[in-house]
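Colleague:
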Ligand SMILES: CC(C)(COP(=O)(O)OP(=O)(O)OC[C@H]1O[C@@H](n2cnc3c(N)ncnc32)[C@H](O)[C@@H]1OP(=O)(O)O)[C@@H](O)C(=O)NCCC(=O)NCCS
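Numbering (the working numbering), first residue to last: 12 to 233.
Now the structure itself:
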């Protein structure tokens with residue numbers, strides 16, 4: 012088990028969810044079976060690895076995402092522009108997000124995709140501020156630091172982008188990472204986004220005020 016996964020498991024070792032199973036956090040060793048979803052990109056090879064991207068299918072997917080934020084240490088949160096005090100309580104966050112599991116694409120307020128490496132959940136990408144058939148803001152997270160910088164984030168993000176564009180019929184995709192956070196800025200640039208501007212804002216619910224780079228991808232452009 013990877014060190015960050017072990018730490019997460021240790022922190023949650025005594026927490027039992029209502030169905031009686033140990034919570035499967037964002038551990039790279041957790042396995043989940045997913046029901047048939049219309050939208051999915053399966054089995055894309057990257058060297059010896061098989062990468063899957065598909066929509067969140069159950070509450071446990073949201074649980075892993077919430078654990079990733081709630082269990083992150085201060086320096087990790089700071090590096091991505093997140094203020095721990097603004098992270099909602101689990102139940103509150105779930106109550107906000109879970110209705111989108113059932114909503115059809117035109118009515119979704121958020122759209123979460125799980126990233127799986129060789130069948131193991133290892134990260135997620137999300138879209139919010141969605142205007143169906145127009146635009147959405149997107150985000151990207153590979154949960155374990157030890158799995159970063161190997162090219163997976165780029166590949167997963169580009170697969171997610173395809174899915175967001177096709178499922179939400181987007182004409183424009185926007186992302187506003189913390190300007191000091193080099194990894195997502197590089198990924199967006201490599202994915203063909205254009206740097207529109209840099210400005211100061213509070214980009215999301217869980218963020219502190221910060222300088223962000225606004226990256227835009229015009230899907231209809233040649
Ligand atoms: C953003 C993230 C998904 C990228 O995934 P990754 O697997 O680390 O990225 P890749 O290995 O595919 O690298 C893609 C590019 O980013 C660069 N990069 C990755 N991490 C970097 C870092 N810490 N500093 C500088 N460049 C970095 C890579 O060098 C590569 O660019 P290059 O081909 O020009 O060398 C991942 O780093 C992550 O989850 N970070 C924490 C969460 C986060 O900050 N999300 C963004 C919130 S707005």
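Backbone N, C-alpha and C fix where the C-beta goes; we use that ideal spot for every residue, glycine too.
#1: Would you identify the three-state DSSP class for residue 89, choosing helix, strand or coil?
#2: Using CA atoms only, rank isn't needed, just tell me which of 129, 156, 112 is closest to residue 137.
#3: Does residue 154 come out as helix, strand or coil in the three-state DSSP assignment?
#4: Is it true that the stretch 82-98 meets the stretch 55-73, where meeting means three or more beta-carbon pairs spaced less than 8 Å apart?
#5: As a quick exercise: from 131, 92, 146, 133, pick the residue whose alpha carbon is nearest that of residue 122.
#6: Throw me the rounded Cβ distance for the residue 248 and residue 125 pair, which I believe falls under 8 Å.
#7: What would DSSP say about residue 202, mapped onto helix, strand or coil?
#8: So, helix, strand or coil for residue 63, using DSSP?
#9: Under 8 Å, do residue 198 and residue 175 count as touching if we go by C-beta distance?
#10: With a threshold of 7 Å (Cβ to nearest heavy atom), would residue 65 be considered close to ligand 1?
#11: Going by C-alpha to C-alpha distance, which of 190, 194, 228, 232 sits closest to residue 219?
#12: Can you tell me whether residue 142 is buried or exposed, with buried defined as 16 or more other CB within 10 angstroms of its CB?
#13: Would you mind sorting residue 224 into buried or exposed? The rule is 16 or more other CB atoms within 10 Å of its CB.
#14: Taking the alpha-carbon of residue 83 as reference, which of 156, 68, 117, 202 has the nearest alpha-carbon?
#15: Where does residue 86 land, buried or exposed, given buried means 16+ other C-beta within 10 angstroms?
#16: Considering residue 81, what are the terminal residues of the alpha helix (DSSP H) in which it resides?
#17: Can you look up residue 98 in the DSSP assignment and give me helix, strand or coil?
#18: Suppose the cutoff is 7 Å on Cβ atoms and the five residues either side in sequence are ignored; what does the same chain contact list for residue 208 look like?
#19: Please state if the CB of residue 148 and the CB of residue 177 are separated by a distance shorter than 8 Å.
#20: With H, G and I counted as helix, E and B as strand and the rest as coil, what does DSSP make of residue 217?
Modeller: Straight from the coordinates:
#1: Per DSSP, reduced to three states, the secondary structure at residue 89 is helical.
#2: Comparing C-alpha distances from residue 137 to each of 129, 156, 112 shows the shortest one belongs to 112.
#3: Of the three classes helix, strand and coil, the one that applies to residue 154 here is coil, per DSSP.
#4: No, they do not touch.
#5: With distances taken between Cα atoms, residue 122 lies closest to 146.
#6: The structure shown does not extend to residue 248, since the chain is modelled only from 12 to 233, so the question has no answer here.
#7: Residue 202 falls in the coil class under three-state DSSP.
#8: Of the three classes helix, strand and coil, the one that applies to residue 63 here is strand, per DSSP.
#9: For residue 198 and residue 175, no; Cβs fall outside 8 Å.
#10: False, no ligand heavy atom lies under 7 Å from that Cβ.
#11: It is 190 whose Cα lies nearest to the Cα of residue 219.
#12: Classification of residue 142: exposed, given that the 10 Å Cβ count is below 16.
#13: Note on residue 224: 16 or more other CB atoms within 10 angstroms of its CB, so buried under the neighbour-count rule.
#14: Residue 156 is the option with its Cα nearest to residue 83.
#15: Counting the other Cβ atoms within 10 Å of the Cβ of residue 86 gives fewer than 16, which makes it exposed.
#16: Element bounds for residue 81: 70-81.
#17: In the structure shown, residue 98 falls within a coil segment according to DSSP collapsed to helix, strand and coil.
#18: Excluding residues within five positions, the ones whose Cβ falls inside 7 Å are 225.
#19: Result no, Cβ atoms of residue 177 and residue 148 do not sit closer than 8 Å.
#20: Per DSSP, reduced to three states, the secondary structure at residue 217 is coil, with no helix or strand assignment.
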